[in-house]
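If you read the protein sequences in the order shown, they are chains A and B.
When we follow my numbering, the leftmost residue of the first sequence carries the number 1098, and every step to the right adds one.
When we follow my numbering, the leftmost residue of the second sequence carries the number -2, and every step to the right adds one.
Here a beta-carbon is modelled for each residue, glycine too, at the ideal position from N, C-alpha and C.
These figures come from a predicted structure and were not determined experimentally.
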Amino acid sequence: AQSVAQPEDQVNVAEGNPLTVKCTYSVSGNPYLFWYVQYPNRGLQFLLKYITGDNLVKGSYGFEAEFNKSQTSFHLKKPSALVSDSALYFCAVRDSRYNFNKFYFGSGTKLNVKP
Amino acid sequence: AAGVIQSPRHLIKEKRETATLKCYPIPRHDTVYWYQQGPGQDPQFLISFYEKMQSDKGSIPDRFSAQQFSDYHSELNMSSLELGDSALYFCASSLGRGVPVQYFGPGTRLTVT
């Protein structure tokens, strides 16, 4: 079965400090992994995706994510957090072998960046 | 750039009524997805359409149906509404096969009273 886990409901970080939002996944085949951000009362916005290739993926707004196959993780990172990064972050996975258009989302992690 | 359009943005219905949500994908996008996000929940995949044909089905109740029309817009029809159907309903669209990025609309907030 396919699934995504975001173990932290909330992450607090001071502005200017590095941030990490954790995500682990479980799929039968190779994973296609995504990060989305959601601001209040808004739709999800795409940040980045991993399909194949380099394990470090760079995305929008200075975010990056590292794919780790042995740990089945795809943690979202940013070297220096901004207050405007405060939002809800969702990790999503699609199994390369099944369910062509079906994405599985994690439960979301609320990121709070304090001035 | 054009984005995914959803209408209405807010909808209030009573139990046992019906509701129709509309989604207009980004121009030239060939795939539409519907998600349901309950309060404090992650988005749950309901159904998707590729080139006007249903391509995948998720946790969509039998009371719900959806279709994609010739102009690629999609409608989610919900009947016999229940209180538990109150949620934010997102539509997303993408282009092409492979591993496309899904672009989400702003959502329709449905409240069932």
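Comparing the C-beta of residue 1119/A with each C-beta of chain B, is any distance below 8 Å? On the first sequence, residue 1119/A is found 22 positions in, with the first residue counted as 1. Among the residues facing chain B, residue 1119/A is not included, as its CB has no counterpart in that chain under 8 Å away.
Using a Cβ-Cβ cutoff of 9 Å, what residues of the region 1169 to 1184 of chain A are near chain B? List them in chain order. Of all residues in the region 1169 to 1184 of chain A, none comes within less than 9 Å of chain B when Cβ atoms are compared.
In DSSP terms, what residue 1163/A is bridged to: Residue numbering aside, residue 1163/A sits at position 66 when the first sequence is read from its first letter. Answer by DSSP bridge pairing, in chain order: 1153/A and 1172/A.
Could you tell me if residue 1205/A is buried or exposed, where buried requires 16 or more neighbouring beta carbons within 10 angstroms of its beta carbon? Counting from one through the first sequence, the residue named residue 1205/A turns up at place 108. That one is buried.
Determine, for residue 1158/A, whether the minimum Cβ-Cβ distance to residues of chain B falls below 8 Å. Numbered from its first residue, the first sequence carries residue 1158/A at position 61. Proximity of residue 1158/A to chain B, defined by a Cβ-Cβ separation below 8 Å, is not satisfied.
To be precise: take each residue of the region 1137 to 1168 of chain A, compare its Cβ to all Cβ atoms of chain B, and keep it if any distance is under 8 Å. Which residues remain? 1138, 1139, 1140, 1141, 1142, 1143, 1146 and 1148: these are the residues of the region 1137 to 1168 of chain A whose beta carbon lies less than 8 Å from some beta carbon of chain B, given in chain order.
Burial state of residue 170/B, where buried means 16 or more other Cβ atoms lie within 10 Å: Residue 170/B cannot be examined here, being either before or after the span of chain B that is shown, -2 to 110.
Just the Cα atoms here: how many angstroms apart are residue 1176/A and residue 1183/A? The residue given as residue 1176/A occupies position 79 in the first sequence. The residue given as residue 1183/A occupies position 86 in the first sequence. Straight-line Cα distance between these residues: approximately 15 Å.
Within the continuous beta strand (DSSP E) that includes residue 8/B, where are the two ends? The residue you call residue 8/B lines up with position 11 of the second sequence. That run of the beta strand (DSSP E) goes 7 to 10.
Contact under 8 Å by Cβ, residue 1101/A with residue 1178/A: For the purposes of this step, residue 1101/A is taken as residue 4 along the first sequence, with counting starting at 1. For the purposes of this step, residue 1178/A is taken as residue 81 along the first sequence, with counting starting at 1. Not closer than 8 Å, so no.
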